[in-house]
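Chain order of the listed sequences is B, R, L, H, X and G. The opening residue of the first sequence carries number 279 in my numbering; numbering runs sequentially from there. The opening residue of the second sequence carries number 279 in my numbering; numbering runs sequentially from there. The opening residue of the third sequence carries number 587 in my numbering; numbering runs sequentially from there. The opening residue of the fourth sequence carries number 587 in my numbering; numbering runs sequentially from there. The opening residue of the fifth sequence carries number 14 in my numbering; numbering runs sequentially from there. The opening residue of the sixth sequence carries number 105 in my numbering; numbering runs sequentially from there. Note that beta-carbon positions come from the ideal geometry of N, C-alpha and C, so glycine has one too.
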Amino acid sequence: MLISVKDLVVARGGRTLLTGICFGLDREQALHVAGSNGSGKTSLLESLCGLRAPEHGSVEGLESADVFHWIGHKNALNPALTVVENLRFWCRVNNASEDRIENALDRLQLRAQQHRACRELSVGQRRRAALARLLAVRRPLWLLDEPLSGLDAGGVDLFIEMLKAHLALGGAAIITSHQNLPPLNGMRRLQL
Amino acid sequence: MLISVKDLVVARGGRTLLTGICFGLDREQALHVAGSNGSGKTSLLESLCGLRAPEHGSVEGLESADVFHWIGHKNALNPALTVVENLRFWCRVNNASEDRIENALDRLQLRAQQHRACRELSVGQRRRAALARLLAVRRPLWLLDEPLSGLDAGGVDLFIEMLKAHLALGGAAIITSHQNLPPLNGMRRLQL
Amino acid sequence: MSALKAVFMRELQLAARSRADWAQPVFFYILVSLLFPLGVAPNSTALPLFVPAILWMGALLAALLGLERVFRSDFEDGTLEQLFLAPVPVSFLVLGKLLAAWLVLGLPLALLSPLLGLLLGLSMHAAGVVMLGLLLGTLSLFFLGGFSSALLVGLPRAGVLLPVLVLPLVSPILIFGAGAARAAMSGSSAEAPLYFLAAIAVFCICLIPLATATALRNAFE
Amino acid sequence: MSALKAVFMRELQLAARSRADWAQPVFFYILVSLLFPLGVAPNSTALPLFVPAILWMGALLAALLGLERVFRSDFEDGTLEQLFLAPVPVSFLVLGKLLAAWLVLGLPLALLSPLLGLLLGLSMHAAGVVMLGLLLGTLSLFFLGGFSSALLVGLPRAGVLLPVLVLPLVSPILIFGAGAARAAMSGSSAEAPLYFLAAIAVFCICLIPLATATALRNAFE
Amino acid sequence: MDKLLTVEFWQMGGYALYVWGSYGAALLVFVWNLLAPYLKQRELLSRETRDQRS
Amino acid sequence: MTLWTWLKSLTSPPIFFALAQRLGFWFGLISIPLLAYGLIGGLLLAPPDYQQGEGYRIIYIHVPAAWMSLFIYSLMAAAGGIALIWRIKVWECVLTAAAPIGASFTALALVTGMLWGKPMWGTYWVWDARLTSELVLLFLYVGVIVLQQSIADARAAARACALLAIVGFVNVPIVHYSVEWWNTLHQGPSVTKFGKPTMDASMLVPLLVMTLGFMSFFGHVLMRRVQNELLSRGEISRG
Ligand code: HEM
Ligand SMILES: Nc1ncnc2c1ncn2[C@@H]1O[C@H](COP(=O)(O)OP(=O)(O)OP(=O)(O)O)[C@@H](O)[C@H]1O
Ligand SMILES: Nc1ncnc2c1ncn2[C@@H]1O[C@H](COP(=O)(O)OP(=O)(O)OP(=O)(O)O)[C@@H](O)[C@H]1O
Ligand SMILES: [Mg+2]
Ligand SMILES: [Mg+2]
Chain B
279 MLISVKDLVV ARGGRTLLTG ICFGLDREQA LHVAGSNGSG KTSLLESLCG LRAPEHGSVE
339 GLESADVFHW IGHKNALNPA LTVVENLRFW CRVNNASEDR IENALDRLQL RAQQHRACRE
399 LSVGQRRRAA LARLLAVRRP LWLLDEPLSG LDAGGVDLFI EMLKAHLALG GAAIITSHQN
459 LPPLNGMRRL QL
Chain R
279 MLISVKDLVV ARGGRTLLTG ICFGLDREQA LHVAGSNGSG KTSLLESLCG LRAPEHGSVE
339 GLESADVFHW IGHKNALNPA LTVVENLRFW CRVNNASEDR IENALDRLQL RAQQHRACRE
399 LSVGQRRRAA LARLLAVRRP LWLLDEPLSG LDAGGVDLFI EMLKAHLALG GAAIITSHQN
459 LPPLNGMRRL QL
Chain L
587 MSALKAVFMR ELQLAARSRA DWAQPVFFYI LVSLLFPLGV APNSTALPLF VPAILWMGAL
647 LAALLGLERV FRSDFEDGTL EQLFLAPVPV SFLVLGKLLA AWLVLGLPLA LLSPLLGLLL
707 GLSMHAAGVV MLGLLLGTLS LFFLGGFSSA LLVGLPRAGV LLPVLVLPLV SPILIFGAGA
767 ARAAMSGSSA EAPLYFLAAI AVFCICLIPL ATATALRNAF E
Chain H
587 MSALKAVFMR ELQLAARSRA DWAQPVFFYI LVSLLFPLGV APNSTALPLF VPAILWMGAL
647 LAALLGLERV FRSDFEDGTL EQLFLAPVPV SFLVLGKLLA AWLVLGLPLA LLSPLLGLLL
707 GLSMHAAGVV MLGLLLGTLS LFFLGGFSSA LLVGLPRAGV LLPVLVLPLV SPILIFGAGA
767 ARAAMSGSSA EAPLYFLAAI AVFCICLIPL ATATALRNAF E
Chain X
14 MDKLLTVEFW QMGGYALYVW GSYGAALLVF VWNLLAPYLK QRELLSRETR DQRS
Chain G
105 MTLWTWLKSL TSPPIFFALA QRLGFWFGLI SIPLLAYGLI GGLLLAPPDY QQGEGYRIIY
165 IHVPAAWMSL FIYSLMAAAG GIALIWRIKV WECVLTAAAP IGASFTALAL VTGMLWGKPM
225 WGTYWVWDAR LTSELVLLFL YVGVIVLQQS IADARAAARA CALLAIVGFV NVPIVHYSVE
285 WWNTLHQGPS VTKFGKPTMD ASMLVPLLVM TLGFMSFFGH VLMRRVQNEL LSRGEISRG
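Structure, rendered in structure tokens:
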């Protein structure tokens, strides 16, 4: 089990949003968390990765920070730095080698933009740069909040490919998305 | 004609993105602008509404500010103010009456959140609050940049309903979206 | 007009929401004025000579602290572009915003100054002149400062750049203001410099909003 | 360690983005210190008495203005949450960030101060003491400035408490710093206050990153 | 022109330091103003030819 | 050159570039004899002052430099106005190109003023209105330069500088009239009182010639810098 969640209760601003969340995720499995606006998907993922203390319940498997990746609604790109500089920074902070950056940029088709400051990128290009982090630093579990937002059709396909390859390599992923994801092997759906 | 665009050239940071854009839009017509990430959809819409000077070409029909609504990637909601306060502010700045706010909130199902500060809303709820401006202040032409981003399935349906009603009332709209919009009467598609 | 009022009221509303925003400049002002004498030998007889300069510089620097963010949050959350598309001249809206900013951040400084002045040993009369001067002076200061921060909106290190632009612009105000206070202290008439300050304030209120609106617009393109 | 270095280098990189960046703190400091004399009667002979206070105020302001956004922009663009999930203690990263900020903004001020002091009429010896004092003092001031900006990000409501938290820490720095300079000006030994400043600096470097990290953590919960 | 060779001229009635200091400063300003744009232009033009070649 | 092409050259980067080439050359050429005569006239021909002796010869640097500092800032404000109203790139370049030159002349006026003040007033510096406002003028120039370098986009930067130059222009009359408004140590207008200058012609003529020399030198450098500005913006492609 990469992650196992038991009886999780998530609350925001004094309102209980989710109760009794239980699930476990093994290698080569993915979970698509779906739910309407404000149902608590982002709050759930933040609780899983430890940014937010859950009201109750336990999350096992994510104690060490280098097991998982978290990509939220925000891209965590410094607007004044270029795409490459941002990625390099994240590799260094996470003690990872910088060799995979090139490959990550290739895969996300950001080669032409790699030396441009992130403030000069379009919204979708910025999202791609954020996703490139997943490939630049390898981690077994991905926690992704709306990874498809802002991506064009080609970008969505690219992401699905990335996800497939990740699962095939023994990774796992928890993904929220309002768009339907194509059925993949090992993908389950959690409706909030 | 609500808007007529002739031979528009759009450039960003010294790179020419689009050339020879020509179209006109009448009442009860909508234009779906589609294109890959970075193709210049946002830049085009910003040029149309006058935030950005086009390199070349002319845009007619948008000289007066109270003809059109612009909703960009950013929601223009002050995080410290509540949803109602934000909407009221925009009504006042635009010299519109505040009567329609209630209705707008109802339509976008934001009634429960109306007195919460926008920083405490989920991403989709914030997008809904931004879209509520369309109903709170009535304008014949809508320029919307990715209005569906962050909306759940219900939210997308709501938006399509809004759009239909707007067109039926003699309005027009230019919309960028990476998601497919359902075929509507009077809707055309512009592929960049 | 109603749009100007809307912008003005919103600023006040926001200020009431986050008290930290306006508490910081006031705190800084007190800090500077009270710590300054500590930097000087205790009981120095020269201190009174410097009180006007301390009160004026303190107010100026405190105002800078607040001005840095007048336009930034609006720029970042997209409010500014909407304001550009409103059916009202932007300079109007800027006027409302800056007046409100002055009311929230500048007025408290001016009202506080006579108190600090008395603490530092000014006479009643001189303290009054300092307050009057600062009432007028901070007004110009906020308009010039707002203009400069509009020039810098969106830049990552606006905080340090702002003083570099503002201080030269406001130095005449500082000279007149401290001059008025010094005149009051020495018993001569402080009217002329105060009139000068009033003239500058009127000039700033009338013309600076136009320049500021242009500067903001420039930040988009 | 490599993470600390990464954060440190990124700050420097950001500072180096625009060509004029290195010059900003310098101009900033020159302007602040030269404007003070403007408020004083022309040719006042008492000016040198105030020079230490002027130089220290400039440093305080630089710390507050320059650090206003250290954590805010990272918070807003999502960098901060990623840093919390990095496999390194956040207080480490905070240390890197604040040291870099000091290097970019604080160190130039300290190095410049003896020059300004000489311009404003300090003796050679006193100018040296001012520089030493500022080297130590700006370090503490920058850490405190970073802490207060973290408080504003993490606990916006605590903003009003800011004075209560920061004031007791800032005032000894200013008192000792200016005291050292005064001692040097009057020819007596400035060692004791300088040691005190060093002690405060060590204290700040060791403990403030921890407090700052805790304050930042609150931004999420 | 003989005046140039007299010591009195160079002493400037005791003001030599100030007068020649001023003229020296002026010389510096003039030289900097001439050189800076000249060097910049050379760099710009060479960069452009390099860009065109590549 | 007809009037029409002349006007067009003021708006079209490539044409202005060529014009700047020629103008720059002529300005440079003219400045040589003017400066030379100014130097000879000022240092050799003009008689010593009856009060200040030889020390007054600093005037031939100080006053032209001070005048230029005011003139160039005014020019920048005017260029800024033109650039903002008609959105003409060439004038944006004129504005940003003039700033460093103006700053250098302002610094020169300050340095020579200080060097003159020591023998005349006994001190290098006093905080009086004229001296202070000239210092402030230097900082205004610095502000424009720093602002320009801080904004990445060249056009946005130039337009921001234009606004700053216009708002900062209020300082120019303050510098000029400071000696009349406040009683200062500094010399009142002695040259600029047209009609009856209080200076002898043998002293005055070299000063005026020197000023013209400074002007045309400024013209030469300005043209060079405008060319650079246009080149670095990629407005000119030399094939
Ligand atoms: C740092 C010190 C000084 C500064 C910053 C300074 C600045 C200036 C400025 C800005 C002007 C031009 C004023 C205008 O055209 O409106 C000027 C003119 C002049 N200065 Fe100075 N000055 C300084 C020291 C001196 C000294 C020491 C003297 C001589 C005793 C002097 C003599 C003059 C004269 C004769 C003029 C021409 C006045 C006229 O006819 O307009 N200056 N100076
Ligand atoms: N500030 C800027 N300076 C320079 N270039 C920019 C700037 N902003 C965007 N660009 C570039 O302009 C192009 C168009 O950007 P735009 O935001 O219009 O794209 P878009 O079609 O809206 O893309 P998306 O689908 O990702 O939103 C992109 O290639 C982008 O990199
Ligand atoms: N800072 C906050 N304080 C209080 N309540 C909050 C805060 N942020 C979000 N909420 C509330 O918590 C609920 C869940 O928010 P969350 O962001 O997790 O929703 P979500 O499922 O991610 O929605 P979306 O699909 O719109 O992204 C929402 O009802 C929201 O209003
Ligand atoms: Mg969410
Ligand atoms: Mg876009």
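Closest residue to residue i among the options (Cα-Cα distance)
i	options	result
L138 of chain G	G:L242, G:M307, G:L316, G:I176	G:L316
I119 of chain G	G:D153, G:V194, G:Q155, G:H166	G:V194
F789 of chain L	L:A769, L:D607, L:G723	L:G723
L365 of chain B	B:Q307, B:L303, B:A410	B:A410
I794 of chain L	L:V680, L:R603, L:P779	L:V680
F301 of chain R	R:Q391, R:A374, R:S282	R:S282
I257 of chain G	L:F806, L:G745, L:A744, L:V716	For the record, residue 257 of chain G in the displayed sequence is Asp; it is not Ile. For D257 of chain G, the nearest C-alpha among the options comes from L:F806.
M440 of chain B	B:A308, B:L280, B:I299, B:L295	B:A308
R370 of chain B	H:L780, H:N804, H:P779, H:M595	H:M595
V313 of chain G	G:F129, G:A140, G:L326, G:V283	G:A140
P779 of chain L	L:M587, L:L720, L:V750	L:L720
L413 of chain R	R:S321, R:G428, R:G292, R:S375	R:S375
Partners in chain L for residue i, counting only beta-carbon separations shorter than 7 Å
i	result
G247 of chain G	V750, L751, P754
Any non-hydrogen atom of ligand 5 within 8 Å of residue i CB
i	result
H277 of chain R	Coverage of chain R is limited to positions 279 through 470, which leaves residue 277 of chain R absent and any answer about it impossible.
T320 of chain R	yes
7 Å Cβ cut-off: residues of chain H touching residue i
i	result
R370 of chain B	S588, A589, A592
S173 of chain G	Under the 7 Å cutoff, chain H gives no residues; its nearest Cβ is about 18 Å from S173 of chain G.
Proximity test, residue i beta-carbon vs ligand 1 heavy atom, cut-off 8 Å
i	result
E238 of chain G	yes
G217 of chain G	yes
P293 of chain G	yes
Ligand 4 heavy atom lying under 8 Å from the CB of residue i
i	result
S400 of chain R	yes
E424 of chain B	yes
Where residue i meets chain X, residues with beta-carbon distance less than 7 Å
i	result
L212 of chain G	A38, A39, V42
Ligand 3 heavy atom lying under 8 Å from the CB of residue i
i	result
S317 of chain B	yes
D430 of chain R	yes
S391 of chain R	Checking the sequence shown, residue 391 of chain R turns out to be Gln, not Ser. Checking the Cβ of Q391 of chain R against ligand 3 gives yes.
G811 of chain H	Beyond the ends of chain H as shown, which are 587 and 807, falls residue 811 of chain H; an answer cannot be given.
G328 of chain B	no
Cβ-Cβ separation, residue j to residue i (assumed contact under 8 Å), whole Å
i	j	result
L174 of chain G	A38 of chain X	Actually they are not in contact, since the Cβ atoms of L174 of chain G and A38 of chain X sit about 19 Å apart, beyond 8 Å.
L459 of chain B	E306 of chain B	That pair is no contact at about 16 Å.
R263 of chain G	N804 of chain L	5 Å
W733 of chain L	A797 of chain L	Trp is not the amino acid found at residue 733 of chain L; the sequence shown has Phe there. Rounded, the Cβ-Cβ distance is 6 Å, consistent with contact.
C327 of chain B	L671 of chain H	6 Å
Cross-chain neighbours of residue i in chain H, by beta carbon under 9 Å
i	result
P357 of chain B	S659, D663
Check: residue i C-beta below 8 Å from any heavy atom of ligand 7
i	result
T454 of chain B	Although ligand 7 was asked about, the structure shown includes only ligand 1, ligand 2, ligand 3, ligand 4 and ligand 5 as ligands.
Where residue i meets chain G, residues with beta-carbon distance less than 9 Å
i	result
A601 of chain L	By Cβ distance, chain G contributes nothing, its closest Cβ being about 26 Å from A601 of chain L, past 9 Å.
Within chain G, partners of residue i - CB distance below 8 Å
i	result
W45 of chain X	S208
heavy atom of ligand 2 below 8 Å from residue i C-beta
i	result
L741 of chain L	no
**Q.** Cβ-based contacts, 9 Å cut-off: residues of the segment 656-670 of chain H near chain B
**A.** S659, D660, E662, D663, G664, T665, L666, E667, Q668, L669, F670
Q. Taking Cβ-Cβ distances below 9 Å as the criterion, which residues of the segment 419-450 of chain R are in contact with chain B?
A. D423, E424, L426, S427, G428, L429, D430, A431, G432, G433, V434
Q.
To be precise: take each residue of the segment 626-649 of chain L, compare its Cβ to all Cβ atoms of chain H, and keep it if any distance is under 7 Å. Which residues remain?
A. V626, A627, S630, A632, L635, F636, P638, A639, W642, M643, L647
Q: Give, in chain order, every residue of the segment 183-210 of chain G whose Cβ lies closer than 7 Å to some Cβ of chain L.
A: L188
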